Amino acid sequence: MMNHEDEEDDGNRFEMAMEMSDDDENLATPPMLEQGAKGGINTLPMPIFENGRFQNPWRTWRRPKVSNIFRLLFCTKDDGKIPRKNVLERMLPVLKPNLLEFRSMPISGVRHLWIGHSTSLVQFDGVTLITDPMFSERCSPVQFLGVKRFRPVPCTVDELPHLDFVLISHTHYDHLDCGSVMSLNQKFGETLRWYVPMGLKEWMNDCGCMNVVEMTWWQEDVFDDNTNIKVVCTPCQHWGKRTTHDENKVLWCSWCVIGPRHSFYFSGDTAYCKVFKQIGRRLGPFTLATIPIGAYSPRNIMSNMHVDPEHAVCIHEDLRSQASIGIHWGTFSIASEPFMEPKELLAAEVQRRNMKPSSFFTVNHGEITIVGSDDLYELD
1 MMNHEDEEDD GNRFEMAMEM SDDDENLATP PMLEQGAKGG INTLPMPIFE NGRFQNPWRT
61 WRRPKVSNIF RLLFCTKDDG KIPRKNVLER MLPVLKPNLL EFRSMPISGV RHLWIGHSTS
121 LVQFDGVTLI TDPMFSERCS PVQFLGVKRF RPVPCTVDEL PHLDFVLISH THYDHLDCGS
181 VMSLNQKFGE TLRWYVPMGL KEWMNDCGCM NVVEMTWWQE DVFDDNTNIK VVCTPCQHWG
241 KRTTHDENKV LWCSWCVIGP RHSFYFSGDT AYCKVFKQIG RRLGPFTLAT IPIGAYSPRN
301 IMSNMHVDPE HAVCIHEDLR SQASIGIHWG TFSIASEPFM EPKELLAAEV QRRNMKPSSF
361 FTVNHGEITI VGSDDLYELD
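Residues in the sequence shown are numbered from 1 upward in steps of one, following UniProt numbering.
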């Protein structure tokens with residue numbers, strides 16, 4: 001299922017980060033140490049940066065071998081089995097969202113709209129944001145070749161409400177889409193702020209986006225003094241690549257958005273590692289987290305970079321998330337698991353752990369959900 005690229009894409013099915021630039025003087029310097037509960041010191045993990053490329057600092061990380069890549073692309077049975085359109089309409093309906101709801105803030109809680117894959121429209125505490133915007137038909141450097149979505153977007157960029165900022169997690173084509181970036185920039189211009197991982201600012205500027213804040217892990221930015229919203233760049237275990245020569249030159253990250261009443265966590269793409277306990281302890285609990293549950297098979301290749309539903313629940317618990325929504329599934333066939341399996345395995349794992357169904361769940365494309373500190377799961 002690998003899409004052909006004139007630049008090469010090892011990276012739509014399995015994924016990995018440009019040179020470190022000077023920290024923006026307006027950003028908080030990332031803290032290197034965290035005071036432990038009993039007075040001990042716990043080092044906060046920072047990305048390793050050597051020879052112009054980033055590396056994960058955990059022993060749980062292993063770069064995919066070329067032999068495994070070959071097997072994934074050419075020898076692994078694809079069990080995705082995407083059915084005909086009429087069957088998809090029944091199994092994975094795409095709802096038409098009432099975007100007028102986003103004209104006013106929710107009285108309480110976090111409003112969430114799943115646009116598909118890792119793209120969520122999120123609103124709370126006076127701000128509206130979008131994560132890893134992907135509105136194109138294919139996750140590819142060109143729109144005539146590559147992995148094609150099997151579920152359409154429920155809305156277009158032109159239909160979006162006012163946005164305050166965008167969160168970008170990493171550079172893979174299913175998360176950083178040039179067409180979507182340029183469309184958002186054309187619609188909102190410099191009023192729209194882009195939060196991106198270290199090394200991506202120059203690429204964003206080349207796309208015409210000038211209001212760009214580039215951050216490394218644990219760095220913080222106050223979005224707006226009026227709303228008192230803090231955006232924190234946090235670690236995850238992944239990688240980045242778009243061309244034959246840029247592997248890991250741009251960092252990868254997750255994001256925390258912390259308001260005066262509510263908070264939101266966006267994981268980007270990640271494998272499971274111990275850092276989520278540190279994020280939860282330092283910045284949690286979270287009102288809502290969006291956590292990937294798909295593109296995990298085969299595990300001997302994917303386990304270093306993508307969680308499965310079981311490990312997604314571990315992240316949910318480590319973060320101390322009040323409620324989590326499963327993302328990164330049901331949109332593009334970029335791994336070999338059956339296309340409905342992520343949803344089914346998540347529900348089974350939640351039940352196995354005797355968790356409330358409202359604690360970690362999936363939603364339909366286009367479905368608007370409100371998650372609040374009191375009412376955990378409320379449909380608009």
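Glycine included, every Cβ here is placed at the ideal spot set by N, Cα and C. Keep in mind it's a predicted model, so treat the numbers as computed, not measured.
- Distance, Cα to Cα, residue 414 vs Gly326? No answer is possible for residue 414: it lies beyond the span of the chain, which begins at 1 and ends at 380.
Rounded to whole angstroms, what is the Cα-Cα separation between Thr270 and Pro292? Approximately 8 Å between the Cα atoms of the pair.
Helix, strand or coil: which one does DSSP assign to Val275?
-> Reduced to three states, the DSSP call for Val275 is helix.
message: Need the endpoints of the alpha helix (DSSP H) that Phe264 sits in, please.
response: Premise fails: Phe264 lies in the beta strand (DSSP E), Ser263 to Phe266, not in any alpha helix (DSSP H).
Exercise for the section: Report yes if the CB atom of Phe276 is closer than 8 Å to the CB atom of Asp308, and no otherwise. Expected result: Annotated as distal: Phe276 and Asp308, with beta-carbon spacing of 8 Å or more.
* To do: Could you check if residue 383 is buried or exposed, using at least 16 other CB atoms within 10 Å of its CB as the buried criterion?
  => Outside the shown range of the chain (1 to 380) lies residue 383, about which nothing can therefore be said.
Under the assumption that Trp252 contacts Ser169 (Cβ atoms under 8 Å), give the Cβ distance between them as a whole number of angstroms.
About 6 Å separates the CB atoms of Trp252 and Ser169; that is less than 8 Å, so the two are in contact.
Let me make sure I understand the geometry here. Which of Arg151, Thr234 and Glu310 has the alpha-carbon closest to that of Leu281? A quick correction: the sequence has Arg, not Leu, at residue 281. The residue with the shortest Cα to Cα distance from Arg281 is Thr234.
### Whole beta strand (DSSP E) elements within the stretch 78-140, 3-residue minimum
Contiguous beta strand (DSSP E) elements confined to the stretch 78-140 occur at 110-116, 119-124 and 127-131, taking only those with 3 or more residues.
- prompt: Whose C-beta lies closer than 6 Å to the C-beta of Met210 among residues of the same chain, with five residues either side of it excluded?
  reply: Within the same chain, Met210 has close Cβ partners Glu190.
For the beta strand (DSSP E) holding Ala295, just list the boundary residues, first then last. Counting along the chain, Ala295 falls outside any beta strand (DSSP E), and DSSP gives it neither H nor E.
Exercise. Which of the three DSSP states, helix, strand or coil, is assigned to Trp255?
Worked result: In this structure, Trp255 counts as strand in the three-state DSSP scheme.
Item checked: Bounding residues of the alpha helix (DSSP H) (the contiguous stretch that carries Lys343) -> For Lys343, the enclosing alpha helix (DSSP H) starts and ends at Glu341 to Arg352.
Please name the residue or residues paired with Ile368 in a DSSP beta bridge. Under DSSP, Ile368 shares a beta bridge with Leu113.
query = What is the DSSP secondary structure of Val363, reduced to helix, strand or coil?
reply = In the structure shown, Val363 sits in coil (DSSP, three-state: anything other than H, G, I, E or B).
Go through its chain and collect everything with a Cβ distance to Val257's Cβ below 6 Å, but skip five positions before and after it. If we look at Val257 and ignore the five residues flanking it on each side, its Cβ neighbours are Val231 and Phe264.
Counting only the same chain and skipping the five closest in sequence on each side, list residues whose C-beta sits under 6 Å from that of Ser183. Val157.
For Thr60, does the three-state DSSP call read helix, strand or coil?
In this structure, Thr60 counts as coil in the three-state DSSP scheme.
* Asked: Does DSSP classify Met182 as helix, strand or coil?
  -> Correct three-state label for Met182: helix.
For Thr191, the three-state DSSP class (helix, strand or coil): Residue state for Thr191 is assigned as helix, using DSSP reduced to three classes.
* Could you have a look at Pro47 and say whether DSSP puts it in helix, strand or coil? => Pro47: coil per DSSP, three-state reduction.
field: C-beta atoms of Tyr195 and Leu160 nearer than 8 Å
entry: No. Outside cutoff.
From Leu283, Gly146, Glu247 and Gly268, pick the residue whose C-alpha is nearest to that of Phe49; which is it? In terms of Cα proximity to Phe49, the closest of Leu283, Gly146, Glu247 and Gly268 is Glu247.
Rounded C-alpha distance that separates Pro197 from Met204: Near 11 Å, if we compare the C-alpha coordinates of Met204 and Pro197.
Discussion item. For Cys233, list the residues DSSP reports as bridge partners.
Written reply: Note: Cys233 sits in a beta bridge opposite Trp255.
In chain order, what residues of the same chain have a beta carbon less than 8 Å from the beta carbon of Val110, not counting five sequence neighbours either side? Same-chain partners within the cutoff: Val122, Gln123, Phe124, His262, Phe264, Thr287, Leu288, Ile370, Val371 and Gly372.
Query raised in the report: Since Ser333 and Val147 are thought to touch, with beta carbons under 8 Å apart, how far apart are those beta carbons, to the nearest angstrom?
Result: Separation of the CB atoms of Ser333 and Val147 is rounded to 7 Å, and the pair is thereby assigned contact status at 8 Å.
At 3 residues or longer, what runs of the beta strand (DSSP E) sit wholly inside the stretch 146-181? DSSP runs (the beta strand (DSSP E)) wholly in the stretch 146-181: 165-167.
Query raised in the report: Can you round the beta-carbon distance between Trp114 and Val363 to whole angstroms, since I take them to be within the 8 Å contact cut?
Result: Contact holds; Cβ gap of about 5 Å.
- Query: How is Gly326 classed by DSSP in three states: helix, strand or coil?
  - Reply: Under the three-state reduction of DSSP output, Gly326 falls in the strand class.
Quiz item: So His117 and Thr331 are in contact, right, with Cβ under 8 Å, and what is the actual spacing, rounded?
Solution: Yes, they are in contact, since the Cβ atoms of His117 and Thr331 sit about 4 Å apart, within 8 Å.
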